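Per numbering that gives the first Met the number 0, the sequence shown starts with residue 0, numbered consecutively. All C-beta atoms in this analysis are idealised placements derived from N, C-alpha and C, irrespective of residue type, glycine included. Values in this document were obtained by computation on a predicted structure and should not be read as measured data. Only one structure is covered here, and it is reproduced in the block below.
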Amino acid sequence: MTIRLFNTMTKKKEAFKPLKSKQVKLFVCGVTVYDYTHLGHARTYSFYDTLVRFLNHQGYKVKYIQNVTDVGHLLDTGEDRILKKAREEKKNPLEIAQLYLNHWMEMMEKMKIDKPDLMPRATEHIKEITKQISDIIKNGYAYIANGSVYFDVSKFKGYGKLSKKIPNELKAGARVGINVDKTDPHDFALWIQAPPEHVLRWESPWSVGYPGWHVEDTAIAVRYFGPQYDVHGGAIELAFPHHEAEIAQAEAATGKKPYVKYWVHTGLLTINKQKMSKSVGNIVMISDMVEKWGPEALRLWIASTNYRKPIDYNENDLEVAKKRMERIGSTLERIKENIGKGGSKRIFSAKLEKLKKEFFKAMEDDFNTPLALSKFFEIITLVNKHIYNGKFSNSDLKLSQDVIKELGEFFQIIPEKKKAQLPKAVLDLIRKREAARKIGNFELADKIRNEIREKYGVVIEDTKDGFRWKSAD
Ligand SMILES: [Zn+2]
C-alpha cells in the first residue's frame, strides 16, 4: 500500500512518490525566535514529528530541515520582530534570538518532538541569501529601489498558484502605499537597506542591509536540498503570502519547476473557538500546557483531530485525552502483571493483527490520525476484555505489548514514568556514570549502566541531548 498525501498545490490526495525512491527531503518553515512558544506551534510541529516517525518506520529515509528565522521577519509596522523585542528587553538582538531559540528547543523536547536533522539559522546563511537574490535579479524577476531589492510579482507567471489567489484579486484587495519603493503592493522585499537603528546588517551589492523573511527559507532550502525537493510543510496561514513568495523566488532563481513536489499544511488552532491573539489576550503557552496536562495527553489530543482541520483547545477535550492516555498506561501495566499467567495457544493475536493493519491503512491515507487512533483504542479495548475474561495466551500479551508501544510511538502517547520516581540510589549511580563519561572513562560508564539495569531494572540510553531512561521489561 502506498501512502497518499494531500497536496495543497493540487488540492488532491496524491500517491506519495519522493523524487529519489525512498529518500524524503522535508523542509518545514521554522520559528521566528523572538517570543515564547505557544500551543499553535505544538500542534504544527507535533504533526510533522509524527509524519517523520511514520515515514521512517515505513522504510523511508527522511532528511528533515527546519530553519530558524533570526532576522528580517517584519511586523506590519515594518519593524523587525527580533529588534523590537531586543529594544524592549534592552538586550542585543542575537542574545534575544539565542534566548528564544533555547526556549524553543526546550519546549520541543518537553513535547517529545524529535529534533530535525538540521536547524540552519538565517544570519549564518547571508552568503547563500545574497547569491539567490543576485540570481533572481539576473533572471529578470527583481528590481532595485533605493538600495533595497524587491521581487516583481508581475514577472512571475505562476504567482498565486498555491493559494489560488490570482494577481488581479491580489491587487484589488491589497493595501497600498505602505512602501513607496514598491511598484506593486504585492511585490515583496528580498533585501532591505538597513536604517541606522537596524543593528543586524551586512554588506551586499545593493546596500548595507538585511534579508527579507521569505528569501531566507528558499536560500537555505536550495543550499541543502538543491533546486527541487519532496515536501514543504508549515501551518496553513503561511500558504499566502509566505509560501507563494517561496515558490516564486526559488523557481525564479533556479529555473527549475516545480520547486516542491508536495505542499503540506496544518490547520488553525483556536482557543475556546476564538483565534489566539495578543490583542484578545488568549495566548496559550506550551510551557503552561505541558505543566498542566503532560506531553502525552497533549499529543493524543492533537492527533485526535485531522492535521488539516482546525483544532480547538478547550479543557473538556484535554480531560478526555488525559483519561485515554492513562488508559494506555493502565493497560500496559495489566499486560505486565499477566504475562506468564496465560496459556500457550494464541487466542486474539489474529484480531489484533487485523486492527494493526487497519491502523496503518488509516495512517497511509493522508495521515488520518483520528481513524488510526480509533483502531489503536480498539486494540486497547480488545486486550482489556481478554485479560478481564482470562482468555489470553502469553504470546497474545507479548504481541499486545509490542503493538501498543510500536503504534503509540508515532504520537508519543505512551505515558512515561517521571525521572523523579527513580530511587535515589539510581540517581546517584547515574551521576557517577555521567562523571565517568565526561572524562572519557566509558568502561566504567558501561559497568555502571549494567549495574543499574541488573539491580534496579532501569535501562539508561544515551541520546545526543543527554540520557533517557525506561524500565526494563
Ligand atoms: Zn518558510
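Between ligand 1 and G39, a heavy atom-to-CB distance of less than 7 Å is absent. The three-state secondary structure of G328, taken from DSSP, is helix. In the three-state reduction of the DSSP assignment, T49 falls in the helix class. DSSP places G233 in the strand class (E or B) of the three-state scheme. Residues S147, G208, Y209 and G211 of the same chain have their beta carbon placed closer than 7 Å to that of I191, with the five preceding and five following residues left out of the count. If you draw a straight line from the Cα of S470 to the Cα of F409, it comes to about 20 Å.
When the Cα atoms are used, N367 and R307 turn out to be separated by approximately 10 Å. By a beta-carbon distance limit of 8 Å, A302 contacts L372. Their separation comes to about 6 Å. For E13, the uninterrupted beta strand (DSSP E) run begins and ends at K11 to A14, by DSSP.
A distance filter of 5 Å between CB atoms and the heavy atoms of ligand 1 selects the following residues in sequence order: C28 and D216.
For a cut-off of 8 Å, the C-beta gap from I327 to I447 is around 31 Å, too long to register as a contact. Unbroken beta strand (DSSP E) runs of no fewer than 3 residues, entirely contained in the stretch 33 to 118, are found at 60 to 65, following chain order.
Shown here for K24: same chain residues with a beta carbon closer than 6 Å to its own, the five before and five after excluded, namely K62, F224, Y228 and D229 in chain order. Considered as a whole, the stretch 230 to 280 harbours 259 to 265 and 268 to 270 as its complete beta strand (DSSP E) runs of no fewer than 3 residues, in chain order. A residue is called buried once 16 or more other Cβ atoms fall within 10 Å of its Cβ, and T31 is buried on that count. Straight-line measurement puts the Cα of L82 at about 8 Å from the Cα of L199. Within its own chain, the residues whose Cβ lies closer than 6 Å to the Cβ of I132, once the five positions on either side in sequence are excluded, are V148, L189 and W190, listed in chain order. Taking the C-beta atoms as reference points, I451 is found no nearer than 8 Å to S399.
For I191, the three-state secondary structure derived from DSSP is strand. Contact annotation: the stretch 7 to 14 does not touch the stretch 47 to 63, with fewer than three C-beta pairs closer than 8 Å.
Straight-line spacing of the CA atoms in P226 and Y258 works out to 6 Å. The Cβ-Cβ distance between A424 and R432 does not fall below 8 Å. In this structure Y312 is in contact with L268, their Cβ atoms being roughly 7 Å apart against a cut-off of 8 Å. Residue range I310 to Y312 is occupied by the beta strand (DSSP E) that includes D311.
Membership of P210 in any alpha helix (DSSP H) is not indicated; the residue belongs instead to the beta strand (DSSP E) covering G208 to P210. Contact annotation: K390 and I346 have beta-carbon atoms nearer than 8 Å.
Under the DSSP definition of a beta bridge, Y387 lacks any partner. Its Cα nearest to that of A85, the residue L98 stands out among L98, G77 and T76. K374 is positioned such that its CB atom lies closer than 8 Å to that of E357.
P294 and Y47 have their alpha carbons spaced roughly 16 Å apart.
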